[in-house]
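Per my numbering, the very first residue in the sequence shown carries number 7; after that it's consecutive. Let me begin by presenting the structure, written as C-alpha cells, before commenting on it.
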Amino acid sequence: MSGNGHPKTADIVILGAGVMGAAIAFHLAKRNAGKVLVVERDHVGRGGSGRSSALVRMHYSYPPEVQLALVSLNIFENWKEIVGEPGDFRKTGFVRIVHPNEMERLKLNVAMQRQLGAKVELISGTDLKKIEPDWVVDEVELAAYEPESGYGDGAGVANDFLTRARDLGVGYLARTQATAFHVQGGRVQGVVTDQGLIAAPIVIAATGPWTRPLFQKAGYDLPIEPEYHQVAILRNAPEMKGGGCACIDSVTATYFRSDAHDKFLVGDFYGTRPVDPDNFPQRASDEGLAEIIERTCKRLPKLENAEVMRGVTGVYDMTPDCRPLLGETPGIGGLYVCAGFSGMGFKISPAVGLTMAELVLEGSGKTVDISSFAPSRFPEGKPIKAEYEYVDD
Ligand SMILES: Cc1cc2nc3c(=O)[nH]c(=O)nc-3n(C[C@H](O)[C@H](O)[C@H](O)COP(=O)(O)OP(=O)(O)OC[C@H]3O[C@@H](n4cnc5c(N)ncnc54)[C@H](O)[C@@H]3O)c2cc1C
Numbered sequence: 007m008s009g010n011g012h013p014k015t016a017d018i019v020i021l022g023a024g025v026m027g028a029a030i031a032f033h034l035a036k037r038n039a040g041k042v043l044v045v046e047r048d049h050v051g052r053g054g055s056g057r058s059s060a061l062v063r064m065h066y067s068y069p070p071e072v073q074l075a076l077v078s079l080n081i082f083e084n085w086k087e088i089v090g091e092p093g094d095f096r097k098t099g100f101v102r103i104v105h106p107n108e109m110e111r112l113k114l115n116v117a118m119q120r121q122l123g124a125k126v127e128l129i130s131g132t133d134l135k136k137i138e139p140d141w142v143v144d145e146v147e148l149a150a151y152e153p154e155s156g157y158g159d160g161a162g163v164a165n166d167f168l169t170r171a172r173d174l175g176v177g178y179l180a181r182t183q184a185t186a187f188h189v190q191g192g193r194v195q196g197v198v199t200d201q202g203l204i205a206a207p208i209v210i211a212a213t214g215p216w217t218r219p220l221f222q223k224a225g226y227d228l229p230i231e232p233e234y235h236q237v238a239i240l241r242n243a244p245e246m247k248g249g250g251c252a253c254i255d256s257v258t259a260t261y262f263r264s265d266a267h268d269k270f271l272v273g274d275f276y277g278t279r280p281v282d283p284d285n286f287p288q289r290a291s292d293e294g295l296a297e298i299i300e301r302t303c304k305r306l307p308k309l310e311n312a313e314v315m316r317g318v319t320g321v322y323d324m325t326p327d328c329r330p331l332l333g334e335t336p337g338i339g340g341l342y343v344c345a346g347f348s349g350m351g352f353k354i355s356p357a358v359g360l361t362m363a364e365l366v367l368e369g370s371g372k373t374v375d376i377s378s379f380a381p382s383r384f385p386e387g388k389p390i391k392a393e394y395e396y397v398d399d
C-alpha cells in the first residue's frame, strides 16, 4: 500500500465493476488467483449494468453464445448456492418472434439450441395465444418458447458478484479511474490511474463503452462504438395480466417483459449514434418512449391504457458484428479486453466471468470455447457470422 492507502501492486487488475468486471473478479477469487484488484471509476453497477433490461434467454444464432447463456442460466438458477446471495432471477418464460420470412432460420436455430441442451420448443401461434392471451399473434406461424428463461437485475448481479469476490479477498477501489495502460516491451506492466500507478502483469479491461479510448492510447484500436437507447417502464393497465413472458419481437422491432407483477418494460431494437457515454440524456424523451410503446401495442394492444411511469436511458457498446471482444490484445501481452457486448451482455455475464478467468489462468476458455471472440478477428477481416443469422441479430 502507498501512503494514501492506494495499492501499488497486484497480480491481476480488473478495470470496471459492471456485471463483467465483478463476474471475472468472483471467478478469479474462487480459483485463488492471487492478489486481484477491481478498479472502478465510479461505483459498482454504474455503467450499462445498472440500466440493463436484463432479459435472460438462450435464443442466439451463434452456438458459443448459446453455450455462454446456458452456463449462465445455471448460475442464475443456483445463485444462492454459488454466489451466496438471494439473487433476483425471475423465471417468467421467454418468447422469440422472428420475421415471417425467417421461419426456416428459426427452426434451424431452435434445433441447434436444443442440441446444445437448451430447453426450448417451437410453438404455434395458437399455443402462444394460450400462454399469452393478451398478445395479438395472428401472423405468428411459429415462435420459440423457453419456459425456463426470464429476467434478472444488472445492479444486483454486479453487486452480488463483487461482494462475494471481496469476501474471498479481492480488493476494490471505487472512484478510481484508469487513465492509461503502462506498456513496455510488448507487455502490460500495469495501469496508470488518477490515484497513481498500479503495477500488475495482467490487466483486464471490462470498461464497456469507455473501452476504445483507453486502448487507443496504447496504440490499439478496438471497433467499439457507443449507441444510445431508451426503455419505457409502464404501470400495467388494470385489465393486463401481470408477470407474463419476456419477448424479443422482430416484427415490432421491440423487446418487452413484465417488471414484477404490476409493471411492464418495453425496449427498442435500434438506438442512435454517435453518443458520448459521459454525456447522454439521463431522461428519456416523451416522443421516443411513445414511439416504442406504439410499436409494442401492435403486439399487446392493452398497453395503450398503461401509464408510463418512467424512462431508462443507457449506452450499448456496439461492435461491427454485434458480438463481444474477449481475449488478449494482439501485440500487448497480459492486456485482456472483455467489452463490446452490444446490448446483450447481462444474460451471459456469469459465464463470461468464468471463461475469462479460465483464459487468464489456463490459457483458454475451458467451460466454453471463447476463442472466436478474440479481438484479432476484425483486423484479420473475420467478423463472426452465424450460419442462420437473422437480419436483425
Ligand atoms: C438500456 C439497456 C438495456 C439492456 N438490456 C439488456 C438485456 O435485456 N439483456 C442483456 O443481456 N443485456 C442487456 N443490456 C446489455 C448489458 O446490460 C451490458 O452488456 C452489460 O451490463 C455490460 O456490462 P459491463 O460490465 O461490460 O459494462 P458496464 O456495466 O458499462 O461496466 C463498465 C464499468 O467500467 C467502469 N469504467 C469505465 N471506464 C473506466 C476506467 N477508465 N477506469 C475505471 N473504471 C472504468 C464504468 O464506470 C462501469 O462501471 C442492456 C444495456 C442497456 C444499456
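Cβ coordinates follow ideal geometry from the N, Cα and C atoms, glycine included. Values in this document were obtained by computation on a predicted structure and should not be read as measured data.
What did DSSP end up calling Cys303 once you bin it into helix, strand or coil?
Note: Cys303 maps to helix in three-state DSSP.
My guess is that Leu365 and Leu228 are in contact by the Cβ rule of under 8 Å, so how many angstroms apart are they, rounded?
Leu365 to Leu228, Cβ: 17 Å. No contact.
Please tell me whether Gly158 and Gly24 are closer than 9 Å, where the distance is taken between their beta carbons.
no
Rounded to whole angstroms, what's the CA-CA distance from Ala149 to Asp398? Just pull it up for me.
16 Å
Quick check for students: name the residue ranges of the beta strand (DSSP E) that lie wholly in the stretch 128–171, counting only runs of 3 or more.
148–152
Tell me Met324's beta-bridge partners as DSSP assigns them.
Glu231
Give the C-beta separation of Val42 and Ala16 to the nearest angstrom, bearing in mind that I take them to be a contact with Cβ-Cβ under 8 Å.
The beta-carbon distance between Val42 and Ala16, rounded to whole angstroms, is 7 Å. This is short enough to meet the 8 Å contact definition.
Using the three-state DSSP reduction, which class does Val374 fall into: helix, strand or coil?
coil
Assign Ala171 to one of two classes, buried (16 or more other C-beta atoms within 10 Å of its C-beta) or exposed (fewer than that).
buried
Sort out for me which residues DSSP pairs Phe270 with in a bridge.
Secondary-structure assignment with DSSP links Phe270 through a beta bridge to Leu240 and Ser264.
Inspect the beta-carbon positions of Leu112 and Lys353 and report whether they are closer than 9 Å.
no
Could you compute how far the alpha carbon of Leu74 sits from the alpha carbon of Asn80?
Straight across, the Cα-Cα distance linking Leu74 with Asn80 is about 10 Å.
Buried or exposed: Asp268, going by 16 or more other Cβ atoms within 10 Å of its Cβ?
Exposed.
Would you mind listing the alpha helix (DSSP H) stretches within the stretch 67–101 that are 4+ residues and don't spill past its ends, in chain order?
Whole alpha helix (DSSP H) segments, 4+ residues: 69–83 and 85–89.
Could you name the residues of the same chain whose beta carbon sits closer than 7 Å to that of Arg120, not counting the 5 residues immediately before and after it, in chain order?
These residues qualify, in order along the chain: Val126.
For Gly11, count neighbouring Cβ atoms within 10 angstroms of its own Cβ and tell me buried if that reaches 16, exposed if not.
With fewer than 16 neighbouring CB atoms inside 10 Å of its own CB, Gly11 falls in the exposed class.
Report the rounded CA-to-CA distance for His105 versus Tyr276, giving the unit in angstroms.
16 Å
Cutting at 6 Å between CB atoms, please list the residues of its own chain near Pro215, excluding the five before and the five after it.
Pro232, Pro283, Val321 and Asp323
Within this structure, are the beta carbons of Gly333 and Ile390 separated by less than 9 Å?
no
Which residue from Glu154, Pro307, Ala345 and Met350 puts its Cα closest to that of Val139?
Correcting the residue type first, residue 139 is Pro in the shown sequence and not Val. Checked all of Glu154, Pro307, Ala345 and Met350; the closest Cα to Pro139 is Pro307.
So, does the stretch 247–258 touch the stretch 371–388, judging by three or more C-beta pairs under 8 Å?
no
Please say whether Leu220 and Ala455 have beta carbons closer to each other than 9 Å?
Residue 455 lies beyond the stretch modelled for the chain, which goes from 7 to 399, so this question has no answer here.
Taking the straight line between their C-alpha atoms, what separation do you get for Lys223 and Met362?
23 Å
In whole angstroms, give me the CA-to-CA distance for Glu395 and Glu386.
21 Å
Classify Ser8 as buried or exposed, calling it buried when 16 or more other Cβ atoms lie within 10 Å of its own Cβ.
The predicted position of Ser8 is uncertain, since its pLDDT is 43 and thus under 50; no value can be drawn from it.
Can we count Ile354 as close to ligand 1, meaning its CB is less than 8 Å from some heavy atom?
yes
Give me the Cα-Cα distance between Glu310 and Gly90, rounded to the nearest whole angstrom.
If you draw a straight line from the Cα of Glu310 to the Cα of Gly90, it comes to about 41 Å.
By alpha-carbon positions, which one of Gly225, Leu174, Gly359 and Ala238 ends up nearest to Ala186?
Gly225
Between Ala252 and Lys97, what straight-line distance do the alpha-carbon atoms span, to the nearest angstrom?
9 Å
For Gly340 and Gln190, what's the separation of their Cα atoms in angstroms?
11 Å
Does the beta-carbon of Asn38 have 16 or more other beta-carbons within 10 angstroms, so that it is buried, or is it exposed?
exposed
So, helix, strand or coil for Gly54, using DSSP?
helix
Using a Cβ-based criterion (distance less than 8 Å to any ligand heavy atom), does Pro215 qualify as near ligand 1?
Yes; taking the cut-off as 8 Å, the Cβ of Pro215 has a heavy atom of ligand 1 nearer than that.
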